[in-house]
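The structure under discussion appears below in the form of structure tokens.
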Amino acid sequence: MGDFSGRVRSVRKISEEIFCLEIDCEEISENAQPGQFVMLRFPEISDPLLGRPLAVAGISGSAFDVIFRIVGRMTKMLSECTPGQSLVVRGPEGRPFGEPSAKKTFLVAGTLGAAPLIYACKSFSKQQEFEFVLGVPDRTWASYCEWLTEVSGVAIEVFSEDGFLGQNGNVLQGLPERLEKDEEIWACGSEKMLSAICGKYPKDSDRILVSLEKRMACGYGGCMGCVIDTVYGKKRVCVDGPIFRGSEVCWNGL
């Protein structure tokens with residue numbers, strides 16, 4: 004891990020608020036694994052001062068992809084990047100998913116939680132059976148669902164709260180009543196969603212890998228700003244995670 008110079012290769016507008024950045028940075032493209040993330044900031048700019056953590060969503064040659072939604076000034080600035088613009092890239096950071104350990108893996112995403120799972124699809128699809136389940140709030144996510152199907156290369160079962168996209172409901176309805184011995188789950192989304200998935204399989208949460216999302220300042224474990232409670236004590240999401248087994252996390256403490 005280190006701070007490297009990156010350069011924007013392309014900016015794709017997926018919807019009014021969601022964007023995909025393709026960033027040239029060989030240090031990341033050659034080393035990042037599914038589940039890891041980077042922190043992005045602008046060089047020679049102290050406001051915003053801190054980088055923003057974004058999951059690596061894919062690798063193409065010397066470049067990598069990130070996806071994000073405009074939620075504040077920093078993400079608004081990232082959405083306005085132009086090809087050739089320089090960025091400071093810290094990474095690759097965090098503990099990756101690793102190799103699939105079961106015959107079939109359910110990939111479960113809440114909205115932009117799909118980012119690390121896209122990369123997993125691209126990395127392991129030739130050797131692994133995947134079933135991708137996505138949850139979104141409403142019809143405003145239609146273009147995102149279309150883009151995700153395009154880039155992931157797998158069929159995606161969509162559940163939406165208003166029933167306009169896919170089926171009416173949430174991702175739990177797209178999962179089996181029980182996990183078979185040759186099945187596992189990789190999931191990324193809100194803490195509420197991840198907690199509900201682990202709660203659905205209380206005896207099998209050791210076969211559920213969750214990618215946690217937390218606000219971060221440094222990204223290398225020094226500031227202790229992303230600490231969570233686990234059965235093994237306090238852990239930092241940036242270096243001890245972001246991938247944890249569902250059985251490790253003290254869900255009531257989040």
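Residue numbers (the numbering used here): 4 to 257.
Cβ atoms here follow ideal geometry from the backbone N, Cα and C, with glycine treated the same way.
CB-CB length for residue i against residue j, believed under 8 Å
| i | j | result |
| --- | --- | --- |
| Pro-119 | Val-59 | 7 Å |
| Val-161 | Met-196 | The Cβ separation is near 14 Å, so there is no contact. |
| Ile-26 | Ala-66 | 6 Å |
| Arg-44 | Val-91 | 5 Å |
| Leu-242 | Ile-231 | The residue you asked about is not Leu; residue 242 is Val in the sequence shown. That pair is no contact at about 12 Å. |
| Val-213 | Thr-233 | 11 Å between Cβ atoms; not a contact. |
| Leu-178 | Phe-109 | 6 Å |
Through-space distance from residue j to residue i, alpha-carbon basis
| i | j | result |
| --- | --- | --- |
| Ser-82 | Phe-247 | 30 Å |
| Cys-191 | Gln-88 | 30 Å |
| Gly-61 | Phe-40 | 11 Å |
| Arg-210 | Ala-158 | 23 Å |
| Val-14 | Glu-134 | 28 Å |
| Glu-186 | Arg-72 | 32 Å |
| Trp-189 | Lys-107 | 11 Å |
| Ala-112 | Lys-79 | 23 Å |
| Ser-49 | Ala-35 | 27 Å |
| Gly-236 | Arg-218 | 20 Å |
| Ser-8 | Pro-46 | 9 Å |
| Met-77 | Lys-16 | 16 Å |
| Asn-171 | Ala-117 | 19 Å |
| Arg-12 | Thr-114 | 24 Å |
| Lys-129 | Glu-153 | 17 Å |
| Arg-10 | Thr-85 | 10 Å |
| Gly-5 | Phe-167 | 43 Å |
| Gly-64 | Asn-255 | 42 Å |
| Ala-105 | Gly-249 | 16 Å |
| Glu-132 | Asp-165 | 30 Å |
| Leu-169 | Lys-238 | Here residue 169 turns out to be Gly, not Leu, going by the sequence shown. So the two alpha carbons sit approximately 37 Å from each other. |
Residue j beta carbon less than 7 Å from that of residue i
| i | j | result |
| --- | --- | --- |
| Leu-57 | Val-69 | yes |
| Cys-201 | Ser-155 | no |
| Pro-37 | Ser-126 | yes |
| Glu-216 | Leu-257 | no |
| Met-42 | Gly-244 | no |
| Ser-163 | Val-139 | yes |
| Ala-199 | Leu-53 | no |
TODO: Count the CB pairs spanning the stretch 143-157 and the stretch 9-26 that are closer than 8 Å, and state whether there are at least three.
DONE: Between the stretch 143-157 and the stretch 9-26, the count of C-beta pairs closer than 8 Å reaches three or more; the two stretches touch.
Taking three-plus beta-carbon pairs below 8 Å as touching, is the stretch 210-230 in contact with the stretch 149-157? Using a C-beta cut-off of 8 Å, the stretch 210-230 makes no contact with the stretch 149-157, since fewer than three inter-stretch Cβ pairs fall below that distance.
> Considering only residues of the stretch 122-163, which uninterrupted beta strand (DSSP E) runs meet the minimum length of 3 residues and lie entirely inside it, listed in chain order?
Replying inline: Fully enclosed beta strand (DSSP E) runs of 3 or longer: 132-139, 159-163.
key: Sufficient close CB pairs (3 or more, under 8 Å) joining the stretch 27-40 to the stretch 84-99   = Contact between the stretch 27-40 and the stretch 84-99 is established, with three or more Cβ pairs separated by less than 8 Å.
Self-check item: Runs of alpha helix (DSSP H) lying entirely within the stretch 213-251, each at least 4 residues, in chain order
Solution: The stretch 213-251 contains these whole alpha helix (DSSP H) runs: 240-243.
Contact the stretch 195-206 vs the stretch 167-185: 3+ CB pairs below 8 Å: Flag = yes, the stretch 195-206 and the stretch 167-185 touch.
List, from N- to C-terminal side, the beta strand (DSSP E) runs of 3 residues or more that fit wholly inside the stretch 176-201.
Counting only runs of 3 or more, we get 186-191.
Tell me the start and end of each unbroken beta strand (DSSP E) in the stretch 63-116 that is at least 3 residues and wholly inside, in chain order.
-> Qualifying beta strand (DSSP E) stretches, in chain order: 66-72, 89-96, 107-113.
ask   = Which full runs of the beta strand (DSSP E) of 3+ residues lie inside the stretch 10-38, going along the chain?
value = Runs of the beta strand (DSSP E) inside the stretch 10-38: 21-27.
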